[in-house]
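In this note's numbering, the protein residues as written are 5 to 131.
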């Protein structure tokens with residue numbers, strides 16, 4: 005898949021996997037809403053979103069990988085699209101290994117300087 009919508013997701017993955025908090029934060033529009041995977045707080049502004057992603061810094065060997073078979077991209081035809089699917093978070097924190105499968109939804113506008121308009125992520129409940 006090589007389209008501008010998918011590119012936003014790939015850029016986000018690269019930034020998160022590098023734990024580049026500045027780069028991650030810069031991807032979110034000023035009024036973007038983040039409903040994060042590992043927090044029960046809605047993040048509605050830049051400082052709150054930055055704080056959430058800064059919390060990833062203590063994680064070692066952080067890797068977020070998208071299940072490409074689950075990825076759906078629904079374009080509205082106006083340079084905006086909804087991306088949804090599953091990704092797996094793996095990392096080590098305080099010596100413990102963690103692995104979480106989460107579902108995600110993004111609303112993105114690739115032509116915008118900060119292309120992520122909305123991001124929801126939640127852990128997939130055990131079956």
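Glycine included, each C-beta is placed from N, C-alpha and C at the ideal position.
Could you give the C-beta distance for residue 86 and residue 109, rounded to a whole number, given that I count them as a contact under 8 Å? Within the chain shown, residue 86 is the residue found at index 82, counting from 1. Within the chain shown, residue 109 is the residue found at index 105, counting from 1. Confirmed, Cβ separation roughly 6 Å.
For the alpha helix (DSSP H) holding residue 116, just list the boundary residues, first then last. Taking the chain shown and counting its residues from 1, one reaches residue 116 at position 112. The continuous stretches of alpha helix (DSSP H) do not include residue 116, and DSSP gives it neither H nor E.
Nearest to residue 33 by alpha carbon, out of 126, 130, 116? As a working mapping, residue 33 is identified with position 29 in the chain shown. Nearest of 126, 130, 116 to residue 33, Cα basis: 116.
For residue 103, collect the residues of the same chain with a Cβ closer than 6 Å to its Cβ; drop the 5 residues on either side in sequence, then sort them by chain order. Against the chain shown, residue 103 aligns to sequence position 99. Answer for residue 103: 94, listed in chain order.
Are residue 68 and residue 13 touching if we call contact CB-CB under 8 Å? To locate residue 68, count along the chain shown from 1; it is residue 64. To locate residue 13, count along the chain shown from 1; it is residue 9. Between residue 68 and residue 13, the CB-CB gap reaches or exceeds 8 Å.
Cα-Cα separation between residue 66 and residue 60, rounded to whole angstroms: Along the chain shown, read from residue 1 onward, the residue named residue 66 stands at position 62. Along the chain shown, read from residue 1 onward, the residue named residue 60 stands at position 56. Approximately 8 Å between the Cα atoms of the pair.
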